[in-house]
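Under this note's numbering, the residues of the sequence shown are numbered 461 to 687, in order.
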Amino acid sequence: MDGNGRWAKKRFMPRFFGHKQGVDALVRTVLACADRGIEYLTVFAFSSENWKRPTEEVSGLMGLVLVAVSKYLAKLADRGVRIRIVGDRSQVSDKLRSAWEQAESSTAHNTRITLSVAFNYGGRWDIVQACREAIAAGVAPERVDEALLSGYMAMSYAPDPDLFIRTGGEVRISNFLLWQSAYAELVFTDCLWPEFGDAELDAALAEYARRDRRFGMVKTGAAATAG
Ligand code: IPE
Ligand code: MG
Numbered sequence: 461m462d463g464n465g466r467w468a469k470k471r472f473m474p475r476f477f478g479h480k481q482g483v484d485a486l487v488r489t490v491l492a493c494a495d496r497g498i499e500y501l502t503v504f505a506f507s508s509e510n511w512k513r514p515t516e517e518v519s520g521l522m523g524l525v526l527v528a529v530s531k532y533l534a535k536l537a538d539r540g541v542r543i544r545i546v547g548d549r550s551q552v553s554d555k556l557r558s559a560w561e562q563a564e565s566s567t568a569h570n571t572r573i574t575l576s577v578a579f580n581y582g583g584r585w586d587i588v589q590a591c592r593e594a595i596a597a598g599v600a601p602e603r604v605d606e607a608l609l610s611g612y613m614a615m616s617y618a619p620d621p622d623l624f625i626r627t628g629g630e631v632r633i634s635n636f637l638l639w640q641s642a643y644a645e646l647v648f649t650d651c652l653w654p655e656f657g658d659a660e661l662d663a664a665l666a667e668y669a670r671r672d673r674r675f676g677m678v679k680t681g682a683a684a685t686a687g
């Protein structure tokens with residue numbers, strides 16, 4: 461969800477204003493995905509590297525999460541959204557941790573769409589923590605394979621993503637779902653996150669539909685001619 465700061469700057473507003481609008485874009489997008497039958501949406505809200513931002517911005521973001529949970533949790537819960545948080549919770553405040561717990565427990569029964577919020581998350585962190593968990597569980601080295609390690613990843617409850625969208629014009633993955641995105645279709649858009657909405661989502665889905673997914677295989681015969 462990149463581009464909040466630039467969106468605000470274009471309007472001569474503080475970066476925080478962009479983050480605030482970013483929350484609205486997120487709620488809009490979750491509901492738009494649910495309407496389109498998408499069952500899993502995962503968003504990168506705060507990376508392990510975002511701590512390096514100025515203190516005021518970091519504390520502003522933490523405060524914004526608390527406000528967002530109190531403002532939107534009931535609405536999302538009502539619309540069948542299940543919320544899950546992925547990332548290292550050990551470094552966030554007790555207040556934030558309990559807000560996450562409340563968001564997760566009060567939506568645990570929902571099945572329409574699972575919104576995973578990656579917070580204090582990094583793709584490399586996830587791979588490392590999965591290895592640690594496996595070792596702590598006493599897994600023998602010869603039993604370690606891709607399937608086993610997948611079971612220890614933070615998002616083991618979800619299928620791998622089919623479509624990976626990055627807003628804000630940068631063309632890189634920036635340590636998001638490294639393991640899980642091995643075969644994801646990547647879509648990069650210049651759209652700044654606060655402006656993301658139905659039109660951008662549908663454009664990304666249309667782009668996805670045009671892609672030819674082979675997963676390393678060669679298409680032959682009927683499948684190839686049928687396109
Ligand atoms: C993304 O927007 C939001 C977070 C990382 C929390 P940015 O804050 O990166 O916005 P730009 O890239 O400066 O425009
Ligand atoms: Mg950015």
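Quick reminder that beta carbons are idealized off the backbone N, C-alpha and C, glycines included.
(message) Let me make sure I understand the geometry here. Which of VAL529, ARG539, LYS469 and GLU516 has the alpha-carbon closest to that of LEU688?
(response) Missing from the structure shown is residue 688; the chain here goes from 461 to 687 and no further.
(message) On the criterion of 16 or more Cβ atoms from any shown chain inside 10 Å, does PRO621 qualify as buried, or is it exposed?
(response) Within the sequence shown, numbered from 1, the residue matching residue 621 stands at position 161. PRO621 is classed as buried because its beta carbon has at least 16 other beta carbons within 10 Å across all chains shown.
(message) I'd like the list of long-range same chain contacts for GLY583, defined as Cβ closer than 7 angstroms, with 5 residues on each side in sequence excluded.
(response) Position 123 of the sequence shown, counting from 1, holds the residue named residue 583. Only ASN635, PHE636, LEU637, LEU638 and TRP639 meet the Cβ criterion.
(message) Any residue with its Cβ nearer than 5 angstroms to a heavy atom of ligand 1 should be included. What is that list in chain order?
(response) Chain-ordered, the residues whose CB falls short of 5 angstroms from any heavy atom of ligand 1 come out as ASP462, GLY463, ASN464, GLY465 and ARG466.
(message) Measuring only from the beta carbon, is GLY520 closer than 7 angstroms to any heavy atom that is part of ligand 2?
(response) Along the sequence shown, one-based indexing puts residue 520 at 60. No, the beta carbon of GLY520 sits no closer than 7 angstroms to any heavy atom of ligand 2.
(request) Please indicate yes or no: does the CB of GLY628 lie closer than 7 angstroms to some heavy atom of ligand 2? (result) Residue mapping note: residue 628 aligns to position 168 of the sequence shown, counting from 1. Yes, ligand 2 has a heavy atom inside 7 angstroms of this Cβ.
(request) With DSSP collapsed to three states, give me the class of LEU575. (result) In the sequence shown, the residue the question calls residue 575 occupies position 115. In the three-state DSSP reduction, LEU575 falls in the strand class (E or B).
(request) Would you list the residues sitting across from SER507 in a DSSP beta bridge? (result) Taking the sequence shown and counting its residues from 1, one reaches residue 507 at position 47. For SER507, which the question treats as bridged, DSSP gives the partners TYR581.
(message) With distance defined between alpha-carbon atoms, name the residue in ILE595, THR574 and GLY463 nearest to LEU536.
(response) Numbered from its first residue, the sequence shown carries residue 536 at position 76. Comparing Cα positions, the closest option is THR574.
(request) For ARG592, count neighbouring C-beta atoms within 10 Å of its own C-beta (all shown protein chains included) and say buried if the count is 16 or more, exposed if not. (result) The residue labelled residue 592 in the question sits at position 132 within the sequence shown. It is exposed - the Cβ of ARG592 has fewer than 16 other Cβ atoms within 10 Å.
(request) Compute the distance between the beta-carbons of PHE675 and VAL647, then report whether it is under 8 angstroms. (result) Position 215 of the sequence shown, counted from the first residue, corresponds to residue 675. Position 187 of the sequence shown, counted from the first residue, corresponds to residue 647. Not a contact, by the Cβ cut-off of 8 angstroms.
(request) Examine ligand 3 and report whether any of its heavy atoms sits within less than 7 angstroms of the Cβ of THR515. (result) In the structure on display, ligand 3 does not appear, and the ligands it does have are ligand 1 and ligand 2.
(message) Ignoring anything shorter than 3 residues, give me the beta strand (DSSP E) runs that lie fully in the segment 532 to 578, in order along the chain.
(response) With a minimum length of 3 residues, the continuous beta strand (DSSP E) runs that stay inside the segment 532 to 578 are 541 to 546.
(message) I need the boundaries of the beta strand (DSSP E) containing LEU652, first residue and last residue.
(response) Numbered from 1 along the sequence shown, position 192 holds the residue referred to as residue 652. LEU652 -> no beta strand (DSSP E), and no H or E assigned at all.
(request) Answer with buried or exposed for PRO462, where buried requires no fewer than 16 other C-beta atoms within 10 angstroms of its C-beta. (result) Position 2 of the sequence shown, counted from the start, is the residue given in the question as residue 462. It is worth fixing the name first, because residue 462 is Asp in this sequence and not Pro. Per the 10 Å Cβ criterion, buried.
(request) With DSSP as the reference, please indicate the residues paired to PHE624 in a beta bridge. (result) On the sequence shown, position 164 is the one that residue 624 refers to. By DSSP's assignment, PHE624 forms a beta bridge with LEU646.
(request) Using three-state DSSP, classify TYR612 as helix, strand or coil. (result) On the sequence shown, position 152 is the one that residue 612 refers to. Residue state, collapsed to three classes: coil.
(request) Reducing DSSP to helix, strand and coil, say where TYR668 ends up. (result) The residue given as residue 668 occupies position 208 in the sequence shown. Here TYR668 carries a helix assignment [DSSP, helix/strand/coil].
(request) For GLY687, collect the residues of the same chain with a Cβ closer than 7 angstroms to its Cβ; drop the 5 residues on either side in sequence, then sort them by chain order. (result) By 1-based counting over the sequence shown, the position of residue 687 is 227. Here the model assigns GLY687 a pLDDT of 48, short of 50, so the residue's position is not dependable and the matter cannot be decided.
(request) Please state whether DSSP places LEU501 in a helix, a strand or coil. (result) On the sequence shown, residue 501 is found 41 positions in, with the first residue counted as 1. Residue state, collapsed to three classes: strand.
(request) Could you tell me the distance, in whole angstroms, from the CA atom of VAL487 to the CA atom of SER508? (result) Locating residue 487 in the sequence shown gives position 27, where the first residue counts as 1. Locating residue 508 in the sequence shown gives position 48, where the first residue counts as 1. The alpha-carbon atoms of VAL487 and SER508 are separated by roughly 23 angstroms.
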